[in-house]
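In my numbering, the protein residues as written are 3 to 470.
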């Protein structure tokens with residue numbers, strides 16, 4: 003929650019925040035422009051004697067003034083809103099703690115969504131670098147002009163992002179010919195379980211006493227610990243499970259087991275994305291309060307570079323009960339792809355000329371989805387690489403082996419990305435030294451040369467404010 007300030011500029015205590023939040027929620031059913039100043043201050047004065055009427059009236063004036071235009075509830079106040087840019091400090095999107103209460107479903111048309119299809123590079127696939135994207139860009143520009151204002155927030159084409167999974171029907175109808183135009187090196191072939199580890203998985207599945215299973219190395223010990231943790235949580239199935247509990251009990255153990263590199267840091271639970279923070283603060287007055295980045299459920303950082311590049315991000319959509327609706331799942335997917343776009347743009351800004359792929363994951367219920375994003379032709383391209391199911395009961399403990407192979411394959415992809423970033427960073431520093439030496443030489447000889455131009459980046463569109 004963003005901590006509000008009194009009209010005097012002083013920060014509120016925790017109790018004051020709760021009080022003011024109760025006041026706002028009490029009057030939230032009534033449109034703000036119909037609030038009555040006397041009723042507001044009288045109610046507030048009746049539930050507490052800690053504040054004077056004048057103080058509460060000034061609080062009312064502060065939150066109903068023209069300066070508060072564009073605010074929703076306390077905690078998501080925008081002190082410098084823009085009609086075209088969402089400047090919310092907590093998230094680019096509204097957050098609904100109850101998965102069944104999707105209050106913003108009027109901005110998402112379920113008929114625009116279909117079942118996703120895996121993306122893969124076939125032998126007949128075209129090289130994305132050989133495609134003329136001018137006509138494609140013109141089609142998208144024409145389509146963007148006709149997008150209803152209330153639907154822009156959750157339309158990937160508004161951000162010049164092409165969803166190759168086929169889930170977004172308008173994208174599928176408009177750009178169906180791009181279905182197989184994806185890079186050939188994007189292919190996601192899940193590795194097979196090594197013979198020794200396959201025997202270990204068989205023993206873990208058949209033995210009730212896991213301590214009796216003999217292990218030979220640290221990797222096998224990690225697999226046994228993973229099996230123990232998952233079995234412990236599934237041995238007591240819950241009829242209702244919150245999204246946070248589902249993430250920490252059923253999802254996170256798989257990632258902590260695989261992505262345990264000493265040079266990596268896996269943050270979980272509404273962690274701010276550095277890439278989107280840089281985007282939000284771009285061009286802002288440095289003397290004003292900085293905006294935090296979009297929050298993700300999982301972010302994997304690399305500690306081998308000082309600017310902490312994000313290698314992998316993830317979203318957990320809903321829990322078991324209440325189940326996640328298709329609209330909520332799409333909303334989280336949009337959050338994920340905007341986050342991937344920001345990560346990709348930040349990498350390209352730090353390492354000009356970079357032509358890499360970034361990865362993200364989304365968990366909907368027990369289904370794990372692996373996504374990849376690249377930029378070609380001034381557009382962003384999102385691909386669904388793989389789908390699999392996490393174990394949902396003790397009868398599905400055998401799924402752990404397949405999930406382990408899937409995440410191990412993703413681990414290799416992310417590791418390659420990190421190695422490429424380190425290599426590009428070294429080349430960048432070497433080129434920087436050469437340019438400095440060349441500039442000194444040119445200043446002496448009077449010779450001037452233009453530096454080679456870098457690849458043009460796609461246009462980055464901020465999320466629009468979704469006014470209610």
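Each residue gets a CB set at the ideal place from its N, CA and C atoms; glycine is no exception.
Roughly how many whole angstroms lie between the Cα atoms of residue 278 and residue 343? Rounded to whole angstroms, residue 278 and residue 343 show a C-alpha spacing of 9 angstroms.
Measuring alpha carbon to alpha carbon, tell me which residue in 242, 264, 245 and 259 is nearest residue 230. The shortest C-alpha to C-alpha distance from residue 230 to any of 242, 264, 245 and 259 is the one to 259.
Sort out for me which residues DSSP pairs residue 120 with in a bridge. DSSP output for residue 120 lists no bridge partner at all.
Touching by the beta-carbon criterion (3+ pairs, under 8 angstroms), the stretch 299-313 and the stretch 254-274: yes
Bounding residues of the beta strand (DSSP E) (the contiguous stretch that carries residue 272): Its beta strand (DSSP E) spans residues 266-274.
In this structure, does DSSP put residue 138 in helix, strand or coil? helix
Only counting the same chain, and skipping five residues up and downstream in sequence, which positions put a Cβ closer than 7 angstroms to that of residue 401? The answer, listed in chain order, is 391, 392 and 393.
Mind checking who residue 292 pairs with in its DSSP beta bridge? According to DSSP, residue 292 bridges with nothing at all.
Is there contact between the stretch 319-338 and the stretch 354-368, where contact requires at least three CB pairs shorter than 8 angstroms? Enough Cβ pairs lie closer than 8 angstroms, so yes.
So who's on the other strand from residue 383, going by DSSP bridges? In DSSP, residue 383 forms a bridge with 164 and 376.
Pull up the CB-CB distance for residue 110 and residue 156, whole angstroms please, since I reckon it's below 8 angstroms. 5 angstroms
Taking only the alpha-carbon atoms, compute the straight-line gap between residue 415 and residue 407 and give it to the nearest angstrom. When the Cα atoms are used, residue 415 and residue 407 turn out to be separated by approximately 13 angstroms.
May I ask you to verify whether the stretch 353-361 touches the stretch 417-429, counting CB pairs closer than 8 angstroms and requiring at least 3? yes
Coil, strand or helix - residue 303 by DSSP: strand
If distances are taken between C-alpha atoms only, which option among 358, 379 and 386 comes closest to residue 369? 386
Just the Cα atoms here: how many angstroms apart are residue 218 and residue 212? Taking the straight line joining both Cα atoms gives about 14 angstroms.
Given residue 345, which residues of its chain have a CB within under 7 angstroms of its CB, disregarding the five upstream and five downstream residues? 277, 312, 315 and 360
What whole-angstrom Cβ distance do residue 192 and residue 413 have, given they're in contact under 8 angstroms? Incorrect: roughly 12 angstroms between the Cβ atoms, too far for contact.
Considering residue 341, what are the terminal residues of the alpha helix (DSSP H) in which it resides? Note, residue 341: alpha helix (DSSP H), 328-352.
Compare the beta carbon distance of residue 282 and residue 297 with 7 angstroms and say whether it is the shorter of the two. No; because the gap between Cβ atoms is not below 7 angstroms, this pair is not in contact.
Would you tell me roughly how many angstroms separate the C-alpha atoms of residue 180 and residue 194, rounded to the nearest one? The alpha-carbon atoms of residue 180 and residue 194 are separated by roughly 31 angstroms.
Using the C-alpha atoms, what's the distance from residue 271 back to residue 246? Their Cα atoms are separated by approximately 8 angstroms.
Could you tell me if residue 555 is buried or exposed, where buried requires 16 or more neighbouring beta carbons within 10 angstroms of its beta carbon? With the chain running from 3 to 470 in the structure shown, residue 555 is simply not present.
Between the beta-carbon of residue 384 and the beta-carbon of residue 149, is there less than 7 angstroms? Their beta carbons are not under 7 angstroms apart, which means residue 384 does not touch residue 149 by this criterion.
Where residue 403 falls, given that 16 or more other Cβ within 10 Å makes a residue buried: buried
Could you give the residue range of the alpha helix (DSSP H) that holds residue 215? It is not in any alpha helix (DSSP H) - residue 215 carries neither H nor E in the DSSP assignment.
Between which two residues does the alpha helix (DSSP H) holding residue 200 run? Taken as a continuous stretch (DSSP letters only), the alpha helix (DSSP H) holding residue 200 covers 197-208.
Buried or exposed (CB count within 10 angstroms, at least 16 for buried), residue 137: exposed
What does the alpha-carbon distance come out to for the pair residue 93 and residue 159? Because the pLDDT at residue 93 is just 40, under 50, the model does not fix this residue reliably, and the point stays unresolved.
How would you write the range of the alpha helix (DSSP H) that residue 189 sits in, first residue to last? Counting along the chain, residue 189 falls outside any alpha helix (DSSP H), and DSSP gives it neither H nor E.
Expressed to the nearest angstrom, what Euclidean distance is found between the alpha-carbon atoms of residue 422 and residue 357? 10 angstroms
Between the alpha carbons of residue 114 and residue 240, how many angstroms are there, rounded? 33 angstroms
Start-to-end residues for the alpha helix (DSSP H) that takes in residue 245: 245-248
Using the beta-carbon count (16 or more within 10 Å), is residue 330 buried or exposed? buried
Assumed close pair residue 254, residue 396 - CB separation to whole angstroms, cut-off 8 angstroms: Not a contact, Cβ separation roughly 19 angstroms.
On a Cα-Cα basis, can you pick out the residue from 190, 216 and 189 that is closest to residue 202? 216
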